[in-house]
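In full-length UniProt numbering, the protein residues as written are 1 to 886.
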Amino acid sequence: HIPPELLDRLQTFSLFKNAPPVFLKLIAKRLKLIQFHPQEYILREGEPSKSMYWILRGTVGVTSADGEATSAELGPESFFGEIGIMFNRPRTATVVARTRVLLGVLTADALNEVLPDFPLIERLIRDEAQERLAMLEKKKRAGLASLSSLNRNNSSGKFSSNLSAVNASLAANTVTSFPDFLKSLPIFKSLPSSIIHELALDVELKKFNAFEYIFKKGDTGRDIFFIVDGEVEVVDPALDVPSILARLGPGKYFGEMAFLISLNENNSLETPHNSQRSADIRTVADTVLLVVTGDKLANICEKNPLIFNEIKKTAGERNQHNDFCIADKNSTVLSHPKLLKRIPVKALVDEEDSSEKSFPFNNICWNKISSEEGTTEMDPIEYSQHTPINHAQKVESVSPVSECHYTQSIFSSSGSSTSNTSIQSSNGNDKKRKSHSQLPLIKVNPTPPPINSISVGRFQRQPFHYMPIAKRLRLTNSNHSRRRSSVLTAGPLTDRIMLIVFSYLDLKTLMKVRRVCSRWAHLLAASPDLVRNLDLTLWNTAITDNVLLHITDFVGDRPQHIDISNCFHITDVGFSYMVNEIGIRGNLKSLKMKSAWKISSMAIMDLSFPSVGQHLEEINLTNCRNVNDDVFERLIGCPCDTDHQKQLHYKGPSRFPSLKPDNIYDDYFNSHNIGCANLKKMDLSYCKHMTDKSMAILAGRASDRIEELILTRCTTITDNGFHYWSLHQFPKLRKLVLKDCTFLSDNSIISIATSAPNLTYLDISFCCALTDSAIDFLCFCCKDLRYLNISFCGGAVSDISLISISRLQYLEILIIRSCLRVTREGIDRLLAGSGESLKLIDLAQCKNAHHYPFGGGPAEKWCPRSGSRSAFIKIEPFDRVIEIIL
Numbered sequence: 001h002i003p004p005e006l007l008d009r010l011q012t013f014s015l016f017k018n019a020p021p022v023f024l025k026l027i028a029k030r031l032k033l034i035q036f037h038p039q040e041y042i043l044r045e046g047e048p049s050k051s052m053y054w055i056l057r058g059t060v061g062v063t064s065a066d067g068e069a070t071s072a073e074l075g076p077e078s079f080f081g082e083i084g085i086m087f088n089r090p091r092t093a094t095v096v097a098r099t100r101v102l103l104g105v106l107t108a109d110a111l112n113e114v115l116p117d118f119p120l121i122e123r124l125i126r127d128e129a130q131e132r133l134a135m136l137e138k139k140k141r142a143g144l145a146s147l148s149s150l151n152r153n154n155s156s157g158k159f160s161s162n163l164s165a166v167n168a169s170l171a172a173n174t175v176t177s178f179p180d181f182l183k184s185l186p187i188f189k190s191l192p193s194s195i196i197h198e199l200a201l202d203v204e205l206k207k208f209n210a211f212e213y214i215f216k217k218g219d220t221g222r223d224i225f226f227i228v229d230g231e232v233e234v235v236d237p238a239l240d241v242p243s244i245l246a247r248l249g250p251g252k253y254f255g256e257m258a259f260l261i262s263l264n265e266n267n268s269l270e271t272p273h274n275s276q277r278s279a280d281i282r283t284v285a286d287t288v289l290l291v292v293t294g295d296k297l298a299n300i301c302e303k304n305p306l307i308f309n310e311i312k313k314t315a316g317e318r319n320q321h322n323d324f325c326i327a328d329k330n331s332t333v334l335s336h337p338k339l340l341k342r343i344p345v346k347a348l349v350d351e352e353d354s355s356e357k358s359f360p361f362n363n364i365c366w367n368k369i370s371s372e373e374g375t376t377e378m379d380p381i382e383y384s385q386h387t388p389i390n391h392a393q394k395v396e397s398v399s400p401v402s403e404c405h406y407t408q409s410i411f412s413s414s415g416s417s418t419s420n421t422s423i424q425s426s427n428g429n430d431k432k433r434k435s436h437s438q439l440p441l442i443k444v445n446p447t448p449p450p451i452n453s454i455s456v457g458r459f460q461r462q463p464f465h466y467m468p469i470a471k472r473l474r475l476t477n478s479n480h481s482r483r484r485s486s487v488l489t490a491g492p493l494t495d496r497i498m499l500i501v502f503s504y505l506d507l508k509t510l511m512k513v514r515r516v517c518s519r520w521a522h523l524l525a526a527s528p529d530l531v532r533n534l535d536l537t538l539w540n541t542a543i544t545d546n547v548l549l550h551i552t553d554f555v556g557d558r559p560q561h562i563d564i565s566n567c568f569h570i571t572d573v574g575f576s577y578m579v580n581e582i583g584i585r586g587n588l589k590s591l592k593m594k595s596a597w598k599i600s601s602m603a604i605m606d607l608s609f610p611s612v613g614q615h616l617e618e619i620n621l622t623n624c625r626n627v628n629d630d631v632f633e634r635l636i637g638c639p640c641d642t643d644h645q646k647q648l649h650y651k652g653p654s655r656f657p658s659l660k661p662d663n664i665y666d667d668y669f670n671s672h673n674i675g676c677a678n679l680k681k682m683d684l685s686y687c688k689h690m691t692d693k694s695m696a697i698l699a700g701r702a703s704d705r706i707e708e709l710i711l712t713r714c715t716t717i718t719d720n721g722f723h724y725w726s727l728h729q730f731p732k733l734r735k736l737v738l739k740d741c742t743f744l745s746d747n748s749i750i751s752i753a754t755s756a757p758n759l760t761y762l763d764i765s766f767c768c769a770l771t772d773s774a775i776d777f778l779c780f781c782c783k784d785l786r787y788l789n790i791s792f793c794g795g796a797v798s799d800i801s802l803i804s805i806s807r808l809q810y811l812e813i814l815i816i817r818s819c820l821r822v823t824r825e826g827i828d829r830l831l832a833g834s835g836e837s838l839k840l841i842d843l844a845q846c847k848n849a850h851h852y853p854f855g856g857g858p859a860e861k862w863c864p865r866s867g868s869r870s871a872f873i874k875i876e877p878f879d880r881v882i883e884i885i886l
């Protein structure tokens, strides 16, 4: 008996919102309910993965292995643990119960019993797992264990370990989901979830150290940066003393000036180009940024003009403020303080929480504007660890902030001898050094006090002295400098020479020699130029899942070309681990997996996830028994947005034929931009589950980018499939192989010739249903053909066909094996009319090629070279030498 409350709770999960009732019952039967107490460990990072968990009640925290950094908080209707069991990976994080938690535990074996009958739900879970795995890899590339840990004490000890409520929420949301962070910003709040999801997959996380320049004035680029953690300064270097125009904190963004300039003057979002940055941006503390590319943002603005108007409005306000600050930089009182008012960070994160008590310290700037008096206080605020704070005193977040007031106070307090100090004054005289040494060591950034001391007291105002960036850099370098390692010169040979030697060794030898010493192991693990091509065909019979896991751990994300052809022992376990480890972290461009029989269609679909297959250009699925139309559709890409296409994805449980699709998961199909966007070459030979539907998908979604297509012995593709081609153009298609597609007729060849006129390589051998008309039409449309194979086409090739082929002036190789209607007369006309590019003709098994028709008698014999079947003849008028295979 299954409690109805459990079924109702399962149906509240987003993945199961529209799932068939029979699926919920099958899951509920296999769920094991377990309760955990607060602070009790549920999972530990690095443990083997055996189950996934569904949160029915309570809250859990996703933390680091030591428990110090919290990555996310998950509540009811969430799940975790899917990465490990889907991709055979150890646990990627530690999960601790925050409150009393009731979990539904589903083992990997139980899940595998249910999911094969529900392919769409399995695809949803795998996509969610891949998305979370992609976020983990992005954080690793940025050098971050978790975003929540960004707000702990840094190594210098100058910043508080406490975090404001806004920043804590921001960090947690970002770790849980990039879409949640992006949607928390007002600029993106109006976007639908589909665009937010697509944008989240394309963003990059970058970390910058303190006092590091993100870009300088005059640099080219148009990406926009969103501050996740830390603080940056906007600097105008044009003045004698660099003018700090603004200071931006978490939730703010910059780079919009160059983005707007990159668009044309008519505010059109077409033909964008990179433009120059209008100011310097440098960090004040360790900073983490979320980078949105200009191309992606331009596409979003084109579909959502409100986003473009918001960016334009922000840029206009900042331009107006910057001009005002530069003009009045010697003034001590601003006459138009309203120009400095900016949207507070609270509005950028959570409109509902308008209480200033929840974010008293967020993005504190050097100056404070009093809205009641209309004046600007010039003294900055500094906090100490023992200074209590009064909630009654308001601290408004103002950004950007004028630099004119604190600049004058700095110079007046430090004397005229320091007025000319700048970034370039690192080699100043002793007098200037002395004047700097007399300055009190005041921190550049205000340091918030402990949270426990918030409720009482007042801010303590201290004299503020600006420390030049050059001196800040010197102090930072002196604190963190250390003696460089001498590993590069250890041993009789340098690392460069050793890497050259390693490049000539095969994979098996490399994995052996890494045990010689730690230095070699480090070189083999860290060099980006090794194992770019991962070819396992030499050991195909010995490659198992376990072996593949060890190989993947060794090569890391370096391989760009992978060949596992004929490795028939590999299953989903090893394959999914390999493609996710290399694809998400690396730059996978080609994958050859001929005769990989045991790899399921669902595992192959993992390649279609954007973070895995975004760089994939070539794939070989020859004789992969589980490749079908659904796999092809996922690889080609493009989200499904019609009811018919959604039903094509949903098969329904094979054991429950009475179930209907009911157009389930509309949001999923509208929010996932699946597919390998750069896929250009596909080999689908002997994939006998491919139907006309795949040809329709190819014509509608990839006709503008496909370059090579091999469909050898795909006998279930008929003329109807190629009829869809006639409705589109394939301008880049150069190579097409339809060998042994016995059911194709002249109609297919006419559709192909019409839609792909730029073909240079065509193989239609064993297409026995063709006639002379198809060859004639083909030669008329595809005049750039250089390779043509029409062997074993029965009655399709005759002397008339050879006359048509002679019009192909660029033809280099012609193969007409076993064409019984070909005689010497047709060959003579071919040789006389062909262009000077023709190099080879294969006449093997053409028994009438040595006789003239209608009783003309035998022709002159061509004598092949001894030991071969090739004869070479010289043809006038260009004295061409043509090889003829007899």
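Ideal Cβ placement from N, Cα and C applies to all residues, glycine included. Every value quoted in this text rests on a predicted model; they were computed, and no experiment measured them.
(request) Tell me where the beta strand (DSSP E) around Phe225 begins and ends. (result) Ile224 to Asp229
(request) Pick out whichever of Ile604, Val573 and Leu205 has its Cα sitting closest to the Cα of Ile619. (result) Ile604
(request) Return the first residue and the last residue of the beta strand (DSSP E) that Val822 is part of. (result) No beta strand (DSSP E) holds Val822; DSSP gives it neither H nor E.
(request) With a floor of 4 residues, list each alpha helix (DSSP H) that falls wholly inside the UniProt domain "F-box" (487 to 534), ordered by position along the chain. (result) 495 to 502, 507 to 513 and 518 to 526
(request) Would you mind reading off the limits of the alpha helix (DSSP H) that contains Asp629? (result) Asp629 to Ile636
(request) Give the DSSP-derived three-state secondary structure of Ile689 in the structure shown. (result) The sequence given here has His at residue 689, not Ile. The answer is strand: DSSP assigns His689 an E or B state.
(request) Within the same chain, show all residues whose beta-carbon is closer than 7 angstroms to that of Leu843, passing over the 5 residues directly before and after it, in chain order. (result) Ile816, Ala849, Ile884, Ile885 and Leu886
(request) Output the boundary residues of the alpha helix (DSSP H) element that contains Tyr787. (result) Tyr787 -> not in any alpha helix (DSSP H); beta strand (DSSP E) instead, spanning Tyr787 to Asn789.
(request) Using only alpha-carbon positions, find the residue among Ser703, Arg558, Val284 and Arg829 that is nearest to Ser507. (result) Residue identity check: residue 507 is Leu in the sequence provided, not Ser. Nearest C-alpha to Leu507: Arg558.
(message) By the DSSP assignment, the beta strand (DSSP E) with His550 in it spans what residues?
(response) Run containing His550: none in the beta strand (DSSP E); it sits in the alpha helix (DSSP H), Asp545 to Val555.
(message) Buried or exposed, going by whether 16 or more other CB atoms sit within 10 Å of the CB of Pro20?
(response) buried
(message) Nearest by alpha-carbon distance to Met86: which of Ser611, Leu785, Arg807 and Asp606 is it?
(response) Asp606
(message) Runs of 3 residues minimum, wholly inside the stretch 81 to 147: which ones carry the beta strand (DSSP E) assignment?
(response) 94 to 97 and 101 to 107
(request) Output the boundary residues of the alpha helix (DSSP H) element that contains Glu581. (result) Asp572 to Arg585
(request) Taking 9 angstroms as the cut-off, decide whether the C-beta atoms of Arg880 and Glu836 are in contact. (result) yes
(request) Count the other C-beta atoms from every protein chain shown that fall within 10 angstroms of the C-beta of Glu581, then say buried if there are 16 or more, exposed otherwise. (result) buried
(message) Would you call the stretch 100 to 119 in contact with the stretch 576 to 595, where contact means no fewer than 3 C-beta pairs closer than 8 angstroms?
(response) no
(message) Let's see if you can read the secondary structure: which residues bound the beta strand (DSSP E) around Gln35?
(response) Lys32 to Phe36
(message) If I follow the unbroken alpha helix (DSSP H) through Ile800, where does it start and stop?
(response) Asp799 to Ile805
(message) Do Val235 and residue 923 have their beta-carbon atoms positioned less than 9 angstroms apart in this structure?
(response) In the structure as shown, the chain begins at 1 and stops at 886. Residue 923 is therefore absent and cannot be evaluated.
(request) Consult DSSP for Gln845 and reduce its assignment to one of helix, strand or coil. (result) coil
(message) Run through the DSSP bridge pairs and tell me what Ala246 is partnered with.
(response) Val234
(request) Report all residues from its chain with a CB closer than 8 angstroms to the CB of Ile121; omit the five preceding and five following residues, and keep chain order. (result) Leu15, Phe16, Ala19, Phe23 and Leu115
(request) Please say whether Asp763 and Leu738 have beta carbons closer to each other than 9 angstroms? (result) yes
(request) Work out the CA separation of Phe575 and Asp219 for me, nearest whole Å. (result) 43 angstroms
(request) Starting from the Cα of Thr59, find the closest Cα among Arg89, Ala97 and Thr12 and give me that residue. (result) Ala97
(request) Report yes or no: do three or more beta-carbon pairs, one from the stretch 564 to 572 and one from the stretch 534 to 554, lie closer than 8 angstroms? (result) yes
(message) For a test of the three-state rule: what should DSSP assign to Ser755, helix, strand or coil?
(response) helix
(request) Alpha carbon to alpha carbon, how far is Ser78 from Gln11? Give it in angstroms, no decimals. (result) 12 angstroms
(request) Give the DSSP-derived three-state secondary structure of Met602 in the structure shown. (result) helix
(request) For Ala165, count neighbouring C-beta atoms within 10 Å of its own C-beta (all shown protein chains included) and say buried if the count is 16 or more, exposed if not. (result) Its pLDDT being 32, under 50, Ala165 is placed unreliably in this model, and the value from its coordinates should be taken loosely. Looking at its Cβ environment, which holds 16 or more other Cβ atoms inside 10 Å, Ala165 is buried.
(request) Can you grab the Cα-Cα spacing for the pair Phe215 / Ala285, in whole Å? (result) 16 angstroms
(message) Please state whether the Cβ-Cβ distance between Phe722 and Met695 is less than 9 angstroms.
(response) yes
(request) Report yes if the C-beta distance between Asp683 and Ile717 is below 9 angstroms; otherwise report no. (result) no
(message) Could you tell me the alpha carbon to alpha carbon distance between Gly230 and Glu212, rounded to whole angstroms?
(response) 12 angstroms
(message) Can you list, in chain order, the residues of its chain with a C-beta nearer than 7 angstroms to that of Leu830? Leave out the 5 residues immediately preceding and following it.
(response) Leu802, Ile805 and Ser806
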